[in-house]
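A.B. asks: Can you read through this structure? Questions will come right after.
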Amino acid sequence: MIEKQTDIIVVGSGPGGATVARELARSNAGLGVTLLERGRDWRQNPLYGTYPGAMLYADRASFLFTQEGLNIIRPLMLGGATSMYCGCAERPLPWWQSKYGIDLSQEAEETVVELGIKPLPATLRGVASTRIAEAGADLGMDWQPQDKFMVPQQSHNGFDCGAKCMLGCRCGAKWNAAEFVDEAVQQGIDLWTGTKVDEVVWENGRVLGVIGQRLGQSFRLWGKVVVLAAGGIGTPLILQRSGLTQAGQGMTMDTTVMVYGHAPTKGIGQEPPMTWSCADDQLGVLYSTLIDPWLNYPLVMLQKGPAYSLTWHRWGHTYGVMIKLKDEVSGAVQAQKRGFTISKGLTADDRQRLAQAEAVAGRILRQAGCDPDTIFTTPLRGTHPSGTVRLGEMLDTNLQTEIAGLYVCDASVFPEALARPTVLTIIALGKRLARHLRDDS
Numbered sequence: 011m012i013e014k015q016t017d018i019i020v021v022g023s024g025p026g027g028a029t030v031a032r033e034l035a036r037s038n039a040g041l042g043v044t045l046l047e048r049g050r051d052w053r054q055n056p057l058y059g060t061y062p063g064a065m066l067y068a069d070r071a072s073f074l075f076t077q078e079g080l081n082i083i084r085p086l087m088l089g090g091a092t093s094m095y096c097g098c099a100e101r102p103l104p105w106w107q108s109k110y111g112i113d114l115s116q117e118a119e120e121t122v123v124e125l126g127i128k129p130l131p132a133t134l135r136g137v138a139s140t141r142i143a144e145a146g147a148d149l150g151m152d153w154q155p156q157d158k159f160m161v162p163q164q165s166h167n168g169f170d171c172g173a174k175c176m177l178g179c180r181c182g183a184k185w186n187a188a189e190f191v192d193e194a195v196q197q198g199i200d201l202w203t204g205t206k207v208d209e210v211v212w213e214n215g216r217v218l219g220v221i222g223q224r225l226g227q228s229f230r231l232w233g234k235v236v237v238l239a240a241g242g243i244g245t246p247l248i249l250q251r252s253g254l255t256q257a258g259q260g261m262t263m264d265t266t267v268m269v270y271g272h273a274p275t276k277g278i279g280q281e282p283p284m285t286w287s288c289a290d291d292q293l294g295v296l297y298s299t300l301i302d303p304w305l306n307y308p309l310v311m312l313q314k315g316p317a318y319s320l321t322w323h324r325w326g327h328t329y330g331v332m333i334k335l336k337d338e339v340s341g342a343v344q345a346q347k348r349g350f351t352i353s354k355g356l357t358a359d360d361r362q363r364l365a366q367a368e369a370v371a372g373r374i375l376r377q378a379g380c381d382p383d384t385i386f387t388t389p390l391r392g393t394h395p396s397g398t399v400r401l402g403e404m405l406d407t408n409l410q411t412e413i414a415g416l417y418v419c420d421a422s423v424f425p426e427a428l429a430r431p432t433v434l435t436i437i438a439l440g441k442r443l444a445r446h447l448r449d450d451s
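Below, the structure is given as structure tokens:
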């Protein structure tokens, strides 16, 4: 049995946990911080950013599904989902302040400046991707260059970004939350990788620490504060096992599909993902330019039917319009004796709005020059498991639960779906929480 005392325990090294740990390490408040990560650091492994690698560091080899069949990619590694995201940034939406009383503008702008967040240069946004955006504009839509967590000048041997970016960035241009962890470690925090937290220990309404398994050994880590940042799936499971059974009841997913069409010119597969976007907040969707990586494509299409996987040979000439839906809170993440289950379908309203968006995407592809007879929609997928420990229901405005000293800082806290890239919002929440913890110490 490993046993240790610290001041603040952070569980999870995605954008929320990494930010909290790093900000506390930089604060000079003299607080002992221990960051626990279930996975390992894959960045220097030769398999990082490859198809075999993605199967090794994603939960269930990237074949995690809801009971309704939505595929979820859940990276279990240092940096969390920022290893396998598309590197997109979106400032926190105004409703965080107007509806929930949380102003994240200062924290978001700090991050934008520090990390150089902005759209890629026009020459790097992709010819085919730009054609899709222009086609949308031809139809009266407001397509804009997408802000990115990418700095091409930081590439090791030249900027090399395509759909494969979603497997993990090998060229070095895309920001990863593991970089914040590196800085936090240099500032003196303790990092435990290979560490699975089973539950939070608390008594008389006050947190005491966490227990779990590390590299095959049981451990107990005691602390005055625990910040759960294990993601929209991991965090509610820990809370359920700790006696907070309301966690995980209802969730959002930013349920996503792509609409594909065969074009006479080179497709978007070799271009950076999501370089252009268009938000329709009245309908509750975000459109962007995206296609599955080359080897993932036939596997995803096989879920729709064998005939669709046979379109693989057209991948190099395929245009893709992504639809990210602001889905309603429904379903559940539920811990079981062994493992967990996820139930998340679409409500009637979700389905109606998604059907409208798919029709719009089809019109864009036809306007962009795709053969109308080749246009089809991919299977549904859940790209942003979130809203499982919602602000205003289980959390106060400081992200604290009913247990004193027990906080949450990841996509679980979203009170509603963003239908936007989530990472900048989570970083801003992490900065805000770290300041609260520092001031409260």
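In this text, residue positions in the sequence shown follow the working numbering: the first is 11, and each later residue adds one.
Glycine included, C-beta positions come from ideal geometry on N, C-alpha and C.
Nothing here was measured: the structure is a model prediction, and the numbers come from that model.
Could you check what DSSP says for F190 in three-state terms: helix, strand or coil?
C.D. replies: Helix at F190.
A.B. asks: So, helix, strand or coil for M65, using DSSP?
C.D. replies: M65 falls in the helix class under three-state DSSP.
A.B. asks: State the DSSP-derived secondary structure class of H272, mapped to helix, strand or coil.
C.D. replies: The answer is strand: DSSP assigns H272 an E or B state.
A.B. asks: Specify the secondary structure class of N214 as computed by DSSP and reduced to three states.
C.D. replies: Of the three classes helix, strand and coil, the one that applies to N214 here is coil, per DSSP.
A.B. asks: Spell out the partners DSSP gives N38 in its beta bridges.
C.D. replies: Bridge partners of N38: none, in fact.
A.B. asks: Spatial neighbours of V310 within its chain, please: CB distance less than 7 Å, with the 5 preceding and 5 following residues excluded, ordered by chain position.
C.D. replies: Result list for V310: D302, T388 and P389, in chain order.
A.B. asks: Do the segment 234-244 and the segment 388-406 meet, that is, are 3 or more Cβ pairs less than 8 Å apart?
C.D. replies: Yes: at least three Cβ pairs fall under 8 Å.
A.B. asks: Which value, in whole angstroms, describes the spacing of the CA atoms of I142 and T245?
C.D. replies: Cα-Cα distance, rounded: 38 Å.
A.B. asks: Report the residue from S298, Q280, G279 and A365 whose alpha carbon sits nearest the alpha carbon of C288.
C.D. replies: It is S298 whose Cα lies nearest to the Cα of C288.
A.B. asks: Less than 7 Å between the C-beta atoms of K336 and A427, yes or no?
C.D. replies: Yes. Within cutoff.
A.B. asks: With a CB to CB cut of under 8 Å and the five nearest residues on each side skipped, what residues in its chain are close to T121?
C.D. replies: Closer than 8 Å at Cβ, skipping near neighbours: I127, L434, I437, A438 and K441.
A.B. asks: Thinking C-beta only, is A71 closer than 7 Å to I83?
C.D. replies: Taking 7 Å as the Cβ cut-off, I83 and A71 do not qualify as a contacting pair.
A.B. asks: Measuring only the C-alpha atoms, how far is T262 from T432?
C.D. replies: Roughly 12 Å between the two C-alpha positions.
A.B. asks: Measuring straight from C-alpha to C-alpha, what distance separates Y329 and W304?
C.D. replies: Cα to Cα, the separation comes out at about 13 Å.
A.B. asks: If you count every other CB in all the chains shown that lies within 10 Å of the CB of N167, and 16 or more means buried, which is it?
C.D. replies: Label assigned to N167: exposed.
A.B. asks: Extract the residue ranges of the beta strand (DSSP E) inside the segment 270-333, only unbroken runs of 3 or more that lie entirely within it.
C.D. replies: With a minimum length of 3 residues, the continuous beta strand (DSSP E) runs that stay inside the segment 270-333 are 286-290 and 295-299.
A.B. asks: State yes or no: is the C-beta of G49 within less than 7 Å of the C-beta of M94?
C.D. replies: No, Cβ-Cβ distance for G49 and M94 is not below 7 Å.
A.B. asks: Is the CB-CB distance between H272 and H327 below 7 Å?
C.D. replies: Yes, the Cβ-Cβ distance between H272 and H327 is below 7 Å.
A.B. asks: On the DSSP letters alone, give me the boundaries of the alpha helix (DSSP H) that K441 sits inside.
C.D. replies: Its alpha helix (DSSP H) spans residues V433 to D450.
A.B. asks: Which one or two residues does DSSP pair with A342 in a beta bridge?
C.D. replies: BP columns for A342 point to Q259 and S353.
A.B. asks: Is the Cβ of M65 closer than 7 Å to any Cβ of chain B?
C.D. replies: No chain B is part of this structure, which consists of one protein chain only.
A.B. asks: Tell me which same chain residues have a C-beta within less than 6 Å of the C-beta of W52, skipping the five on either side of it?
C.D. replies: Excluding positions up to five away in sequence, the list reads Y58, Y67 and M87.
A.B. asks: Hey, could you find the ends of the alpha helix (DSSP H) V137 is sitting in?
C.D. replies: Segment V137 to D148, the alpha helix (DSSP H) holding V137.
A.B. asks: CB-CB under 7 Å to C380, same chain, minus the five flanking residues each way: which ones, in chain order?
C.D. replies: Answer for C380: G271, H272, A273 and Y329, listed in chain order.
A.B. asks: The beta strand (DSSP E) with W202 in it runs from where to where?
C.D. replies: Per DSSP, W202 belongs to the beta strand (DSSP E) from D200 to W202.
A.B. asks: Does the distance from the CB of L393 to the CB of D264 come in under 7 Å?
C.D. replies: The amino acid occupying residue 393 in the given sequence is Thr; Leu does not appear at that position. Cβ distance < 7 Å, so T393 and D264 count as in contact.
A.B. asks: In angstroms with no decimal places, state the Cα-to-Cα distance between S422 and L103.
C.D. replies: Rounded to the nearest angstrom, the two C-alpha atoms are 16 Å apart.
A.B. asks: Whose C-beta lies closer than 6 Å to the C-beta of L74 among residues of the same chain, with five residues either side of it excluded?
C.D. replies: If we look at L74 and ignore the five residues flanking it on each side, its Cβ neighbours are I82 and R84.
A.B. asks: Alpha carbon to alpha carbon, what distance is there between S108 and D359?
C.D. replies: The alpha-carbon atoms of D359 and S108 are separated by roughly 24 Å.
A.B. asks: Under the assumption that I112 contacts T407 (Cβ atoms under 8 Å), give the Cβ distance between them as a whole number of angstroms.
C.D. replies: Going by Cβ atoms, the distance from I112 to T407 rounds to 6 Å, so yes, they are a contact pair.
A.B. asks: How far does the alpha helix (DSSP H) with I243 in it extend, from its first residue to its last?
C.D. replies: I243 -> alpha helix (DSSP H) spans G241 to R251.
A.B. asks: For P56, count neighbouring Cβ atoms within 10 angstroms of its own Cβ and tell me buried if that reaches 16, exposed if not.
C.D. replies: Exposed, because fewer than 16 other Cβ atoms sit within 10 Å of the Cβ of P56.
A.B. asks: Report all residues from its chain with a CB closer than 7 Å to the CB of F169; omit the five preceding and five following residues, and keep chain order.
C.D. replies: Only L134, P162, C181 and A183 meet the Cβ criterion.
A.B. asks: M87 by DSSP, collapsed to three states: which one?
C.D. replies: If DSSP states are grouped into helix, strand and coil, M87 belongs with the strands.
A.B. asks: On the DSSP bridge list, what partners appear for F229?
C.D. replies: Answer by DSSP bridge pairing, in chain order: I12 and G222.
A.B. asks: Locate the beta strand (DSSP E) running through T44, then write down its first and last residues.
C.D. replies: First-last of the beta strand (DSSP E) with T44: V43 to L46.
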